[in-house]
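Colleague:
Residue numbers (our numbering): 2 to 397.
(1) Please confirm whether residue 147 and residue 96 have their CB atoms less than 8 Å apart.
(2) Which residues mark the beginning and the end of the alpha helix (DSSP H) in which residue 84 is found?
(3) DSSP puts residue 255 in a beta bridge; with which residues?
(4) DSSP three-state call for residue 317: helix, strand or coil?
(5) Taking DSSP as the reference, what is the three-state secondary structure of residue 365?
(6) With distances taken Cα to Cα, identify the nearest neighbour of residue 69 among 359, 277, 261, 354.
(7) Counting only the same chain and skipping the five closest in sequence on each side, list residues whose C-beta sits under 7 Å from that of residue 126.
(8) Applying the 10 Å Cβ sphere with the 16-neighbour rule, what's the burial state of residue 81?
(9) Taking Cβ positions, are residue 199 and residue 248 nearer each other than 8 Å?
(10) What does the alpha-carbon distance come out to for the pair residue 31 and residue 204?
(11) Hey, out of 197, 160, 280, whose CA is closest to residue 287's CA?
(12) Find the nearest neighbour of residue 50 within the set 338, 58, 144, 319, judged by alpha-carbon distance.
(13) Is residue 101 close to the ligand ZN? I mean its beta-carbon at under 7 Å from any heavy atom of the ligand.
(14) What's the call for residue 33, buried or exposed, on a 16-neighbour Cβ count within 10 Å?
(15) Whole angstroms is fine: what's the gap from residue 156's alpha carbon to residue 184's?
(16) Do the region 101-121 and the region 358-371 touch if we need at least three Cβ pairs shorter than 8 Å?
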């Protein structure tokens, strides 16, 4: 399967907390002291599009060419266009659900482009940009969200596992696979994606334990988009997420998740560590979910417009465009051509989805029990009657 692809948030106080509660203040102060130094953020490209030097990570992007930079920009633009089209299709009733990546393009494209062909990727359900980098056709992602298949691609064709809906379980799958890679003596690495909310799952902690003890060649890539549905990160962890790795005995690093160059460099470093037998790494990409958690979510109920506006100023696509223009690495012709390509991609995806069959409404009742069940039969009959009621209304 191929595609047209190329190479400190302000803490919030919960509504129920009291500003003058002494116990709360004491606890927070202690937690801050226990955390040690302030979080260190790796950044190679500022929101204004200025290149900044980093003695430790510059070497991992030192040889990047203008063509490759344009490729990264193209990847992010096309991924955002596909994502917007998918959101629109869900609103039109063509998809049952959609998890948007809006705002997280740099985290996904930067890390996805850092992988080698023989590396293996374990995603969650939002890694549309990583799927793009691994050569998965965008249209194939939508069959599952339409309910007509269970994935739509062969994981071994692209070394890109099927999307995982169960929160955090893919980190265990990745750890086990990485342990197998190590036993086979293969020169490859594994990368597992998860969100800040999933970092509270026991599966993730178990993955950290096993990968550390067995020195597994795995990179844990956490996209901290600040919100686990409606729960802010500060209610998920008392310390920055990347610092959790210390307790398990392997390194962690926080990178500006809206800086595609920084993410590319840090992920390359982490993957090289894994391939050279140095074990696991936790990468925390500090980014932001611009849209809803999924299309069934209403983010206006738990966060303010000013927060989104502050992060819009750090837009990953805009900052790379500024850098390309300031460095004379791209001209108006490039951007115009990309705009036309973007619209063509949206049209192709839209037509592909509308050509898909309608989902089987009764498939959910199949294979629940090997030999059937009276309760399932009853529920199927009730649902059938519900569906038939629409036909009756149409006839009237």
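Note that beta-carbon positions come from the ideal geometry of N, C-alpha and C, so glycine has one too. Small disclaimer: the values here were computed from a predicted structure and weren't measured.
Modeller: Inspection of the coordinates gives the following:
(1) Locating residue 147 in the chain shown gives position 146, counting from the first residue. Locating residue 96 in the chain shown gives position 95, counting from the first residue. A contact, by the Cβ cut-off of 8 Å.
(2) Taking the first residue of the chain shown as 1, we reach residue 84 at position 83. Start and end: 67-92.
(3) Here residue 255 is taken as the residue at index 254 of the chain shown, counted from 1. Paired residues: 42, 285.
(4) For the purposes of this step, residue 317 is taken as residue 316 along the chain shown, with counting starting at 1. Helix at residue 317.
(5) Translated into the one-based positions of the chain shown, residue 365 becomes position 364. Here residue 365 sits in helix by DSSP.
(6) Position 68 of the chain shown, counting from 1, holds the residue named residue 69. Closest option to residue 69, Cα to Cα, is 261.
(7) For the purposes of this step, residue 126 is identified with residue 125 of the chain shown, where counting begins at 1. In the same chain as residue 126, and ignoring 5 residues on each side of it, the C-beta atoms closer than 7 Å to its own belong to 100, 164, 165, 166, in chain order.
(8) The residue given as residue 81 occupies position 80 in the chain shown. Under this definition residue 81 is a buried residue.
(9) As a first step, residue 199 is located in the chain shown; it is residue number 198 there, counting from the start. As a first step, residue 248 is located in the chain shown; it is residue number 247 there, counting from the start. Note that the C-beta distance between residue 199 and residue 248 is not below 8 Å.
(10) Here the question's residue 31 lines up with position 30 in the chain shown. Here the question's residue 204 lines up with position 203 in the chain shown. Caution is warranted here: a pLDDT of 37 is assigned to residue 31, below 50, making its placement in the model unreliable, and no coordinate value can be reported.
(11) In the chain shown, the residue the question calls residue 287 occupies position 286. Residue 197 is the option with its Cα nearest to residue 287.
(12) Indexing the chain shown from 1 puts residue 50 at position 49. The residue with the shortest Cα to Cα distance from residue 50 is 319.
(13) Inclusion of the ligand ZN in the displayed structure is not the case, the ligand content being empty and no account of it being possible.
(14) Counted from its first residue, the chain shown places residue 33 at position 32. Model confidence at residue 33 stands at a pLDDT of 41, short of 50, so the residue's coordinates are unreliable and nothing is read from them.
(15) Indexing the chain shown from 1 puts residue 156 at position 155. Indexing the chain shown from 1 puts residue 184 at position 183. Pairing residue 156 with residue 184, the inter-Cα distance amounts to about 21 Å.
(16) No, the region 101-121 is not in contact with the region 358-371.
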